[in-house]
Amino acid sequence: MQNLFVAGTETTSTIVEWAVAELIRHPDMLKRAQEEMDAVVGRDRLVSESDLPRLTFLNAVIKETFRLHPSTPLSLPRMASEECEVAGYRIPKGTELLVNVWGIARDPALWPDPLEFRPARFLPGGTHADVDVKGGDFGLIPFGAGRRICAGLSWGLRVVTVTAATLVHSFDWELPAGQTPDKLNMEEAFSLLLQRAVPLMVHPVPRLLPSAYQIA
């Protein structure tokens with residue numbers, strides 16, 4: 000259980016950091032997300048889990064973040080229980096296999112302009128409007144798929160979405176002096192997790208009514 004919670008905390012914080020970084024790098028998208036939350040939530044309280052189903056654009060941002068920056072770029076190892084053939088490749092029995100989640104989500108045959116951060120592809124009328132991250136669409140499997148899908152999928156997805164929504168709704172974000180959004184370093188550091196090579200350094204500026212930040 001300890002390993003489950005530690006792993007879940009690390010992966011969710013990584014995804015949230017990528018989501019906020021992408022929105023800062025795209026000020027027009029940040030403004031759109033904030034305007035959506037102002038309309039749904041208002042500025043007199045913090046966003047809650049019950050608001051999430053109505054945050055269409057924010058949910059598209061989260062999906063696109065999972066696509067472009069999956070927290071685990073390679074799936075956990077699996078072993079072939081029987082010999083089989085996949086896409087013309089013979090897989091002997093006992094072979095250890097890893098799925099390249101990162102590579103699949105950047106395949107231009109599946110994703111037009113795969114290196115571009117485009118949440119609109121997941122919006123109604125978009126090219127991937129019906130795609131989710133819950134393992135049913137094999138082009139986007141940040142949590143894996145099938146019987147061995149991540150046990151923390153539902154929890155992790157809720158935590159990521161609520162946390163990112165709260166940060167985006169509650170604050171404007173200022174970069175250090177001399178830095179501009181278009182020059183924000185988005186280099187990746189590959190390991191077991193797909194983290195940022197350079198930690199995101201930003202200054203939060205409250206944008207809600209003072210009463211919204213009070214804890215009862």
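Using numbering that gives the first Met the number 0, the first residue of the sequence shown is number 0, and each one after it goes up by one. C-beta atoms are modelled at their ideal positions from N, C-alpha and C, and glycine is treated no differently. Since this is a predicted model, take the numbers as computed values, not measurements.
Across the structure, R24 and L193 are spaced so that their CA atoms are roughly 18 Å apart. A residue is called buried when at least 16 other Cβ atoms come within 10 angstroms of its Cβ; P107 does not meet this threshold and is exposed. Bounds of any alpha helix (DSSP H) do not take in D171; it lies within the beta strand (DSSP E) bounded by F170 to E173. For L208, the closest alpha carbon among the candidates R44, L191, T13 and M28 is that of R44.
Residue pairing by DSSP places L192 opposite no residue, since no beta bridge is assigned to it. Shown here, N99 sits in a strand according to DSSP, grouped into three states. Annotated as proximal: W101 and P69, with beta-carbon spacing under 8 Å.
Exclusion of the five residues before and after T13 leaves S70, L192 and Q194 as the residues of its chain whose Cβ lies within less than 6 Å of its Cβ. Taking a contact as a CB-CB distance under 8 Å, the pair V132 and L122 does not count as one, their CB atoms being some 15 Å apart.
Looking at the DSSP output, L73 bridges to N99.
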